[in-house]
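The structure under discussion appears below in the form of structure tokens.
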Amino acid sequence: MAQHELKKELGLFETTVYGIGIILGAGIYAIIGSAAGVTGDAVWLSFVLAAIMAAFTGLSYAELSSMYPKAAAAYVYTKKAFNRKDLSFLIAWIVIIGLVVAGATVAIAFAGYFSAIFATPIIPVAMAAIILFTIINFIGIKESAKFNIISTFIEAGGLILIIILGFSFWGSPDVNYFAMQNGIPGLLAGVTLVFFAFIGFENVANISEETKNAHKVIPKALLISLFFSTILYILVAVSAVSVLGSSALAASNAPLTDVAVAVVGPGILWIYSIIALFATGNTLLIFMIVASRMLYGISREGGIPKIFGHVHHKKKTPFYSILVIGIASMLFILAEDIAFVATLTDIGVFIAYFFVNLALIWLRYKKPDEERHFKMPGNIGRFPVLAALGALSCFLILFQFEITVILAEIVVIIVGAIIYWAYSWYKRV
Numbered sequence: 316m317a318q319h320e321l322k323k324e325l326g327l328f329e330t331t332v333y334g335i336g337i338i339l340g341a342g343i344y345a346i347i348g349s350a351a352g353v354t355g356d357a358v359w360l361s362f363v364l365a366a367i368m369a370a371f372t373g374l375s376y377a378e379l380s381s382m383y384p385k386a387a388a389a390y391v392y393t394k395k396a397f398n399r400k401d402l403s404f405l406i407a408w409i410v411i412i413g414l415v416v417a418g419a420t421v422a423i424a425f426a427g428y429f430s431a432i433f434a435t436p437i438i439p440v441a442m443a444a445i446i447l448f449t450i451i452n453f454i455g456i457k458e459s460a461k462f463n464i465i466s467t468f469i470e471a472g473g474l475i476l477i478i479i480l481g482f483s484f485w486g487s488p489d490v491n492y493f494a495m496q497n498g499i500p501g502l503l504a505g506v507t508l509v510f511f512a513f514i515g516f517e518n519v520a521n522i523s524e525e526t527k528n529a530h531k532v533i534p535k536a537l538l539i540s541l542f543f544s545t546i547l548y549i550l551v552a553v554s555a556v557s558v559l560g561s562s563a564l565a566a567s568n569a570p571l572t573d574v575a576v577a578v579v580g581p582g583i584l585w586i587y588s589i590i591a592l593f594a595t596g597n598t599l600l601i602f603m604i605v606a607s608r609m610l611y612g613i614s615r616e617g618g619i620p621k622i623f624g625h626v627h628h629k630k631k632t633p634f635y636s637i638l639v640i641g642i643a644s645m646l647f648i649l650a651e652d653i654a655f656v657a658t659l660t661d662i663g664v665f666i667a668y669f670f671v672n673l674a675l676i677w678l679r680y681k682k683p684d685e686e687r688h689f690k691m692p693g694n695i696g697r698f699p700v701l702a703a704l705g706a707l708s709c710f711l712i713l714f715q716f717e718i719t720v721i722l723a724e725i726v727v728i729i730v731g732a733i734i735y736w737a738y739s740w741y742k743r744v
């Protein structure tokens with residue numbers, strides 16, 4: 316009845332749009348104001364530097380995905396490199412918990428935008444959203460991709476509209492595009508902030524087993540989606556500063572919406588409410604797809620019970636994994652301090668990035684002759700310089716988190732270790 320192979324439905328276009336959709340998300344709407352506050356009118360430069368940092372890790376994922384086009388990307392890469400199932404499990408555990416928590420957070424944001432339009436209660440709508448996207452996830456990756464494509468075009472359209480509205484303001488005499496109000500330290504603080512707007516590109520690798528010719532397509536999709544998102548972000552930052560200035564952006568609770576209102580008037584607000592619904596809905600769906608495929612991939616690698624690797628005989632989707640992710644997401648919606656719990660997503664991502672970069676470095680020496688359909692540039696002999704810079708930058712960013720977040724992540728790791736050891740003991744008995 317249940318089989319074990321996912322259906323390969325996606326090509327370069329679908330996987331690239333998938334990557335763009337998860338990178339764009341709703342992050343830039345929230346982050347650009349804070350970044351402008353610490354950087355000044357040169358906030359666009361923060362996006363350039365953050366994109367370069369993201370590219371270090373993106374190139375590592377591109378090379379590794381060309382070697383191992385598997386669903387549980389970070390799990391597989393670290394397992395192949397270090398041959399430590401416990402380490403690989405803990406990295407995957409951190410990522411999955413982060414995705415589930417992020418999904419719950421985004422579901423609440425979706426419900427908030429929905430409530431602003433239709434005056435509905437938050438929690439029931441958030442629960443309904445998770446149920447709806449769980450069903451879409453189950454129906455099939457092709458159907459999910461169609462929703463993703465529509466939503467991503469709407470998301471990108473909202474940012475392109477900001478660029479168009481602000482274009483006539485470019486070159487304003489009131490703006491110095493290289494002014495850094497807090498100097499280099501402020502610029503670097505801005506880089507740390509806006510880096511979070513790029514998080515998500517790595518999730519393209521987790522749909523490898525549903526992608527045709529994945530070992531060639533996934534690396535291209537990763538890099539194209541990062542490049543396209545970077546160009547959009549830079550142009551949006553220039554337009555936003557040109558219209559409002561960095562001080563007004565920093566003081567705003569909805570900076571990009573305020574840019575549109577400043578040019579067109581309050582009548583445009585409803586358009587951005589609709590865009591926000593699609594942005595949060597799309598992000599929620601992608602998080603749920605990625606988390607369920609990670610469970611599936613880990614199961615196929617023998618890291619968790621085989622039931623999570625079962626694929627529905629008609630839909631060709633990992634239905635048990637999808638169900639578990641949906642239920643877990645609904646449980647996290649009930650968390651009292653979901654905003655704090657959501658910070659675990661960010662720190663977990665950087666831990667995963669750090670180890671993936673190390674995995675690439677290690678595999679260059681451990682398996683130098685293994686076929687690579689894409690190879691990261693910038694090498695000294697076998698040593699991948701950019702991967703080392705990626706690992707270093709991610710390691711340094713970990714120290715930007717508050718101690719309470721770090722301690723909470725340690726608790727998550729301990730819980731994961733207990734689960735791993737308990738399951739390992741169960742298999743031996």
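Heads up, the numbering used here is the position in the sequence shown plus 315, with the first residue counted as 1.
Glycine included, each C-beta is placed from N, C-alpha and C at the ideal position.
Keep in mind that this is a model prediction, so the values were computed, not measured.
Coil, strand or helix - residue i by DSSP
{"i": "L321", "result": "coil"}
{"i": "V509", "result": "helix"}
{"i": "Y741", "result": "helix"}
{"i": "N597", "result": "helix"}
{"i": "V490", "result": "coil"}
{"i": "T354", "result": "helix"}
{"i": "M316", "result": "Note that M316 has pLDDT 38, beneath the 50 cutoff, so the model's placement of it is unreliable and the number below is only indicative. DSSP places M316 in coil when its eight states are reduced to three."}
{"i": "T372", "result": "helix"}
{"i": "T330", "result": "helix"}
{"i": "T632", "result": "coil"}
{"i": "E378", "result": "helix"}
{"i": "E470", "result": "helix"}
{"i": "K621", "result": "helix"}
{"i": "K394", "result": "helix"}
{"i": "S483", "result": "coil"}
{"i": "R780", "result": "Given that the chain is displayed from residue 316 to residue 744, the structure contains no residue 780 and the question cannot be resolved."}
{"i": "N518", "result": "helix"}
{"i": "F665", "result": "helix"}
{"i": "N568", "result": "coil"}
{"i": "L649", "result": "coil"}
{"i": "K531", "result": "helix"}
{"i": "F714", "result": "coil"}
{"i": "P500", "result": "helix"}
{"i": "G455", "result": "coil"}
Distance cut-off 8 Å: residue i Cβ against heavy atoms of the ligand MN
{"i": "A422", "result": "No copy of the ligand MN appears in this structure; indeed no ligand is present at all."}
Whole-angstrom C-beta distance between residue j and residue i, which should lie under 8 Å
{"i": "S544", "j": "F513", "result": "7 Å"}
{"i": "E525", "j": "K323", "result": "6 Å"}
{"i": "A386", "j": "S540", "result": "Contact doesn't hold; Cβ gap of about 18 Å is too wide."}
{"i": "I445", "j": "F462", "result": "Actually they do not touch by this definition, with Cβ atoms about 15 Å apart."}
{"i": "I346", "j": "V509", "result": "6 Å"}
{"i": "A351", "j": "L564", "result": "4 Å"}
{"i": "V410", "j": "G663", "result": "6 Å"}
{"i": "A460", "j": "Y333", "result": "7 Å"}
Residue i at chain B interface by Cβ criterion, 9 Å
{"i": "V532", "result": "The chain inventory of the structure shown lacks chain B, comprising one protein chain alone."}
Buried/exposed call for residue i, threshold 16 Cβ in 10 Å
{"i": "D684", "result": "exposed"}
{"i": "E470", "result": "buried"}
{"i": "Y587", "result": "buried"}
{"i": "S708", "result": "buried"}
{"i": "D489", "result": "exposed"}
{"i": "T435", "result": "exposed"}
{"i": "K742", "result": "exposed"}
{"i": "F511", "result": "buried"}
{"i": "S483", "result": "exposed"}
{"i": "G505", "result": "buried"}
{"i": "Y392", "result": "buried"}
{"i": "G355", "result": "buried"}
{"i": "G580", "result": "exposed"}
{"i": "T467", "result": "buried"}
For residue i, the residue or residues it bridges with in DSSP
{"i": "P699", "result": "N694"}
{"i": "T526", "result": "L325"}
Spatially closest choice to residue i from the options, by CA coordinates
{"i": "V363", "options": "A565, K629, I549, R743", "result": "I549"}
{"i": "F429", "options": "G355, A366, I589, A569", "result": "I589"}
{"i": "S361", "options": "M495, G455, F484, I445", "result": "M495"}
{"i": "A657", "options": "T420, Y392, I406, S349", "result": "T420"}
{"i": "L379", "options": "K682, G731, A723", "result": "K682"}
{"i": "T449", "options": "S562, F602, V574", "result": "F602"}
{"i": "A650", "options": "I533, I619, A417", "result": "A417"}
{"i": "W408", "options": "K690, V720, I666, L711", "result": "I666"}
{"i": "N518", "options": "G427, A389, A552, A460", "result": "A389"}
{"i": "K400", "options": "S614, F714, P633, L325", "result": "S614"}
{"i": "I464", "options": "L704, T330, S607, A723", "result": "T330"}
{"i": "F493", "options": "A520, A441, I438, A552", "result": "A552"}
{"i": "E458", "options": "M609, G618, T632, F647", "result": "T632"}
{"i": "N528", "options": "Y735, L325, W740, L321", "result": "L325"}
{"i": "V532", "options": "G348, P384, V353, F716", "result": "P384"}
{"i": "Y738", "options": "I619, S466, I406, F698", "result": "I619"}
{"i": "L321", "options": "R679, M609, S644", "result": "M609"}
{"i": "F516", "options": "V726, G641, I728, G373", "result": "G373"}
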